[in-house]
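Chemist:
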Amino acid sequence: MSEVNLLPASAYKFPSWAIYLGQASTVAERAFEIESDTLRSRHLLHTISIITEGGLALCMSRNESAFERVVGLVKDHERWFSDCLPMIASENVASRRVREVLASDLGHRYAEGWPEERVYAGCKYIDQIELTAIDLGKRLFKAEFIDVRPTSGVVANLAVYSTLSAPGDTLMSLAIPNGGHISTGKKEFSGSAGLVHGLNVEYFAFDKDEMNIDVDKTRKRMRALSKEKPIKIAMFGGSLFLFPHPLRDLNDTVREVGGVVCYDAAHVAGLIAGGQFQDPLREGAEIMTFSTHKTLFGPQGGAIISRGRFSEEIKKSVFPGTTSNHHLHSVAGKALAFAEFLQFGKSYARDVVKNAKGLAQRLADLGEHVLGEKNGYTKSHQVALEITKYGDGGTIERNLENLNIIVNRQLLPGDLQAGRHYTNPGGIRLGVAELTRLGMKKSEMDEVAEILHLALSTDKGREVKARIHALRKNHQKIGYSFENSSAYFFR
Ligand SMILES: Cc1ncc(COP(=O)(O)O)c(C=O)c1O
1 MSEVNLLPAS AYKFPSWAIY LGQASTVAER AFEIESDTLR SRHLLHTISI ITEGGLALCM
61 SRNESAFERV VGLVKDHERW FSDCLPMIAS ENVASRRVRE VLASDLGHRY AEGWPEERVY
121 AGCKYIDQIE LTAIDLGKRL FKAEFIDVRP TSGVVANLAV YSTLSAPGDT LMSLAIPNGG
181 HISTGKKEFS GSAGLVHGLN VEYFAFDKDE MNIDVDKTRK RMRALSKEKP IKIAMFGGSL
241 FLFPHPLRDL NDTVREVGGV VCYDAAHVAG LIAGGQFQDP LREGAEIMTF STHKTLFGPQ
301 GGAIISRGRF SEEIKKSVFP GTTSNHHLHS VAGKALAFAE FLQFGKSYAR DVVKNAKGLA
361 QRLADLGEHV LGEKNGYTKS HQVALEITKY GDGGTIERNL ENLNIIVNRQ LLPGDLQAGR
421 HYTNPGGIRL GVAELTRLGM KKSEMDEVAE ILHLALSTDK GREVKARIHA LRKNHQKIGY
481 SFENSSAYFF R
């Protein structure tokens, strides 16, 4: 239906600018201003009412076409991504059932509070779903306590800050160029820890060659800082995260300076659950937060686990502290994803780490500057490339996107000192969690490395796209799953 066809014939008699105003009430008001002298005539009032209807019809038709357009854009997105290399390290694909429960009636409902102690009626099945998610999550992470309600990793972190600290207290974390995330960042960079919870954020010392926290310097820094006031939280973990953090080496010092060891596993939760990274709760962390959708199989969301000591405080910090109603459809998706991960997580995590190592090695063999060489490039799902010989990370991110390679630009250690910043950093970050779930293994990683190298170092864009197309042809389904579903079914 076209917009013009929806207008009653009388509407055409009015000035075209009025017709295109779009909102019925505005059409009427503007007409009133123009024709104020003659408006007293009943005839014109009648015409205005017709125009109002015409405006409404126009309005509806525009809304309807916007509605259709958005549906079309989602389809376009899925079509495009089915022909891309999706390598954002914080992303993954969820299986069909996980995606279907997101569209279920649960997404309309309110619960609030803990299962069986809800604020809202109508929760008899919702409670069972959440209790199942809790049971599965505890088994997955061998944790005494889990709260599956946080709606994202950031919300999980904020809840932990509320549990353990008050505004003005000190939190230690990684600086962003060293791999830290904005949710553990300083107020002056709009980091959630500083901006939202009012924490004073201090940084762990970092060793560029090791691509890891410098233990000795961090010990010294914590002791010096604690002379002023105690450090309440040491938040390990990060966004650029190649190697396990030295929790065992720093635990005692954190306790000595009055702090609680916490661990942000937003990125590596799946590798931890699959037994392929470190095991924070067994290495001294009291609390671990994570996203449910990066190296795990879940819908986008967050969760908090602990050894039990702070469970009641965490519950209160989640509700009512940082969330009123949590996302019940997402909780169902988390339960399904945890069940899938208990079944397939071990082999998946092993394959992810193998793929990342394979990709890093092949890229290095092709002459790319892969960080972390000293320790074998990576032990996670990520590979970090220094790309300054080709330009800046922002431009390269865009160029790669034009070639159907989706990656992140990445601030690297030393970038700020070199005058680079977030929009033009010195690196890109590559993730293989999604490619692995799409069934790629060692030989595909070699091909991905060669495609990336071609894209970075030549202008053979056509060849790049053709090779991606050929590679993706056989990788459209979601593996490590009870189903054998397509990754792209919104068509
Ligand atoms: C270390 C770290 N923490 C927290 C988050 C936030 O997670 P979410 O996007 O689930 O809020 C991220 C996101 O990438 C992250 O890298």
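In my numbering, the protein residues as written are 1 to 491. Heads up, the beta-carbon is just placed ideally off N, CA and C, and yes, glycines get one too.
Does ligand 1 have a heavy atom nearer than 7 Å to the CB of S95?
Modeler: False, no ligand heavy atom lies under 7 Å from that Cβ.
Chemist: Are A159 and P150 touching if we call contact CB-CB under 8 Å?
Modeler: Yes, these two residues count as a Cβ contact at 8 Å.
Chemist: Could you check whether the Cβ of G258 sits closer than 8 Å to any Cβ belonging to chain C?
Modeler: The displayed structure is made up of one protein chain only, and chain C is not part of it.
Chemist: Here's the rule I'm using: 16 or more other beta-carbon atoms within 10 Å means buried, otherwise exposed. How should G194 be labelled?
Modeler: Buried, because 16 or more other Cβ atoms sit within 10 Å of the Cβ of G194.
Chemist: Have a look at the DSSP bridge pairing and note the partners of F241.
Modeler: According to DSSP, F241 bridges with nothing at all.
Chemist: Examine ligand 1 and report whether any of its heavy atoms sits within less than 7 Å of the Cβ of S90.
Modeler: S90 Cβ: within cutoff of ligand 1.
Chemist: In the structure shown, what three-state DSSP assignment does A31 receive?
Modeler: Residue confidence for A31 is low, a pLDDT of 39 falling below 50, so the modelled location carries little weight; the figure read from the coordinates is stated next. In the structure shown, A31 sits in a helix (DSSP, three-state: H, G or I).
Chemist: Excluding sequence positions up to five away, which residues of its chain have a Cβ less than 8 Å from the Cβ of K442?
Modeler: The answer, listed in chain order, is K354, N355 and G358.
Chemist: Suppose the cutoff is 7 Å on Cβ atoms and the five residues either side in sequence are ignored; what does the same chain contact list for G391 look like?
Modeler: Answer for G391: no residue qualifies.
Chemist: What do you reckon, is the C-beta of V201 under 7 Å from a heavy atom of ligand 1?
Modeler: Outside the cutoff, so no.
Chemist: Write down the C-beta distance between F243 and M211 rounded to the nearest angstrom, noting that I regard them as a contact closer than 8 Å.
Modeler: Rounded, the Cβ-Cβ distance is 6 Å, consistent with contact.
Chemist: Measuring only from the beta carbon, is A349 closer than 7 Å to any heavy atom that is part of ligand 3?
Modeler: With respect to small molecules bound, the structure shown includes ligand 1 and not ligand 3.
Chemist: Under DSSP, the beta strand (DSSP E) around L125 begins and ends at which residues?
Modeler: The identity of residue 125 in the sequence shown is Tyr, whereas the question assumes Leu. Segment K124 to F141 is the alpha helix (DSSP H) holding Y125; no beta strand (DSSP E) there.
Chemist: Residues in the same chain with beta-carbon distance under 7 Å from G113, minus the five sequence neighbours each way, listed in chain order, please.
Modeler: Counting only Cβ-Cβ distances below 7 Å, and skipping sequence neighbours, we find V119 and F319.
Chemist: Is H197 buried or exposed, if buried means 16 or more other CB atoms sit within 10 Å of its CB?
Modeler: So H197 ends up on the buried side.
Chemist: Nearest to A89 by CA position, among R223, R437 and R462, is which residue?
Modeler: Residue R437 is the option with its Cα nearest to A89.
Chemist: Could you pull the DSSP bridge partners for V261 from this structure?
Modeler: Per DSSP, A234.
Chemist: Could you name each continuous alpha helix (DSSP H) segment of 4 residues or more that falls completely within the segment 265-303, going from the start of the chain to the end?
Modeler: As far as the segment 265-303 is concerned, its whole alpha helix (DSSP H) runs of at least 4 residues are 269-273.
Chemist: From this set, E401, T292, V268 and T322, which residue's C-alpha is nearest A349's C-alpha?
Modeler: Residue V268 is the option with its Cα nearest to A349.
Chemist: Rounded to a whole number of angstroms, what is the C-alpha to C-alpha distance between E401 and R462?
Modeler: For E401 and R462, the distance between alpha carbons rounds to 13 Å.
Chemist: Who are the near neighbours of I405 in its chain, counting only those whose CB is closer than 8 Å to its CB and skipping five residues on each side?
Modeler: For I405, where only same-chain residues beyond five positions count, the Cβ hits under 8 Å are C84, L85, M87, I451, L452, A455, V464 and I468.
Chemist: Comparing alpha-carbon positions, which option in Q417, N399, G426 and D365 lies nearest A384?
Modeler: Here the closest residue by C-alpha is G426.
Chemist: Report the three-state DSSP secondary structure of E397 (helix, strand or coil).
Modeler: Residue state, collapsed to three classes: helix.
Chemist: Straight-line CA distance for D446 to I213?
Modeler: Distance between the alpha carbons of D446 and I213: 30 Å.
Chemist: At 4 residues or longer, and completely inside the segment 307-340: list those alpha helix (DSSP H) runs for me, N to C.
Modeler: Complete alpha helix (DSSP H) runs here, min 4: 311-316.
Chemist: Could you pull out every residue in the same chain whose Cβ sits closer than 7 Å to the Cβ of R42, ignoring the five residues on either side in sequence?
Modeler: With a pLDDT of 46 at R42, under the threshold of 50, the modelled position of this residue cannot be trusted; read the value that follows with caution. Nothing meets the Cβ criterion.
Chemist: Can you find the residues in the same chain that come closer than 7 Å, C-beta to C-beta, to G460, ignoring five residues on each side of it along the sequence?
Modeler: Note on identity: in this sequence residue 460 is Lys, with Gly being the wrong assignment. Cβ within range, chain order: L454.
Chemist: For K315, count the other beta carbons within 10 Å of its own beta carbon; 16 or more makes it buried, fewer makes it exposed. Which is it?
Modeler: So K315 ends up on the buried side.
Chemist: Nearest to K493 by alpha carbon, out of G185, P413, H245 and V257?
Modeler: The structure shown does not extend to residue 493, since the chain spans only 1 to 491, so no value can be given for it.
Chemist: Which value, in whole angstroms, describes the spacing of the CA atoms of A303 and E483?
Modeler: Distance between the alpha carbons of A303 and E483: 25 Å.
Chemist: Could you pull out every residue in the same chain whose Cβ sits closer than 7 Å to the Cβ of I134, ignoring the five residues on either side in sequence?
Modeler: These residues qualify, in order along the chain: I146 and V148.
Chemist: Can you name the start and end residues of the alpha helix (DSSP H) that V101 belongs to?
Modeler: Its alpha helix (DSSP H) spans residues R96 to L102.
Chemist: Ligand 1 and A266: does any heavy atom of the ligand fall closer than 7 Å to the residue's C-beta?
Modeler: At least one heavy atom of ligand 1 is nearer than 7 Å to the Cβ of A266, so yes.
Chemist: Helix, strand or coil: which one does DSSP assign to F14?
Modeler: Residue confidence is low: F14 scores 33 on pLDDT, short of 50, so the model does not pin down where it sits. No coordinate-derived value is stated.
Chemist: Give the secondary structure of E78 by DSSP, where H, G and I count as helix, E and B as strand, and everything else as coil.
Modeler: Reduced to three states, the DSSP call for E78 is helix.
Chemist: By alpha-carbon positions, which one of H369, N375, R69 and I428 ends up nearest to G393?
Modeler: Taking only the C-alpha atoms, the option nearest G393 is I428.
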